[in-house]
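The next block holds one structure in the form of structure tokens; read it before the comments.
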Amino acid sequence: MSCNKIPAAVITPVLAAGAVASPYFVAVNISQRLCTPTCVGSTPVFDPKFSLKSVAQVGADQYMATIHVEGIIAYVPCNGGCNCTKQQPLSQDFTIPIQASSAPTVTIEAGAATNAVAAAPCQVCSRAFVSETPLAITVATSTPA
1 MSCNKIPAAV
11 ITPVLAAGAV
21 ASPYFVAVNI
31 SQRLCTPTCV
41 GSTPVFDPKF
51 SLKSVAQVGA
61 DQYMATIHVE
71 GIIAYVPCNG
81 GCNCTKQQPL
91 SQDFTIPIQA
101 SSAPTVTIEA
111 GAATNAVAAA
121 PCQVCSRAFV
131 SETPLAITVA
141 TSTPA
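Counting with the UniProt record's numbering, you get residues 1 to 145 for the letters of the sequence shown.
Okay, structure coming up:
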């Protein structure tokens, strides 16, 4: 597979059980196919940066926050023989629905990412990179005077 044809990452935000009031706790899981296989025992380095891109009204009391995530996945290829590190950029948007009585102000604070390589038990190399980052999403609305 050409590195120019790597599919987009699958980004899945999951609201924590019991998160019923702002700030909401969301675990963001990012799954990305790497350009070349990496050793399962050598965890890639990825420090994603999250930013709020926009908030749009999509219905009565319903809004959609578009969040942008970007970073560089740095990893050592399997059987590379060069002791070199490959870098693969990730820059993508995802959305989170918000229910609010008026246009909300949204802020995001990211925790530390946990990175891994997913593989079958007997595999020593894989292209399946996964990362999970906790986000605290604060939603505030102004009350009309």
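In this text, a Cβ means the ideal position worked out from N, Cα and C, and glycines have one as well.
C-alpha gap between residue i and residue j, whole angstroms
i: residue 49; j: residue 89; result: 12 Å
i: residue 35; j: residue 117; result: 13 Å
i: residue 99; j: residue 142; result: 14 Å
i: residue 53; j: residue 66; result: 5 Å
i: residue 76; j: residue 59; result: 46 Å
i: residue 61; j: residue 140; result: 13 Å
i: residue 43; j: residue 17; result: 29 Å
i: residue 125; j: residue 119; result: 7 Å
i: residue 21; j: residue 101; result: 14 Å
i: residue 130; j: residue 115; result: 6 Å
i: residue 128; j: residue 64; result: 29 Å
i: residue 55; j: residue 87; result: 31 Å
i: residue 94; j: residue 31; result: 13 Å
Same chain only: Cβ atoms within 6 Å of residue i, ignoring 5 sequence neighbours per side
i: residue 14; result: 27
According to DSSP, residues forming a beta bridge with residue i
i: residue 110; result: 135
i: residue 71; result: 90
i: residue 120; result: Looking at the DSSP assignment, residue 120 forms no beta bridge with any residue, so it has no partner.
i: residue 130; result: 31 and 116
i: residue 59; result: 62
i: residue 26; result: 15 and 135
i: residue 20; result: Note: residue 20 sits in no beta bridge, so no partner.
i: residue 49; result: 70
i: residue 54; result: 66
i: residue 96; result: 65
Assigned secondary structure, residue i (DSSP; H/G/I helix, E/B strand, else coil)
i: residue 11; result: strand
Sequence-distant residues of its chain with Cβ nearer than 7 Å to residue i (five each side left out)
i: residue 23; result: 136, 137 and 138
i: residue 133; result: 28, 48, 110, 111 and 113
i: residue 12; result: 29
Proximity to residue i [Cα-Cα], best of the options
i: residue 9; options: 16, 56 and 71; result: 71
i: residue 162; options: 91, 25 and 42; result: In this structure the chain extends from 1 to 145, so residue 162 is not present and cannot be described.
i: residue 68; options: 25, 96 and 125; result: 96
i: residue 57; options: 103, 129, 18 and 108; result: 103
i: residue 51; options: 31, 106 and 120; result: 106
i: residue 78; options: 38, 87 and 119; result: 38
i: residue 25; options: 32, 31 and 108; result: 108
i: residue 122; options: 33, 40, 21 and 64; result: 40
i: residue 85; options: 46, 130, 5 and 21; result: 46
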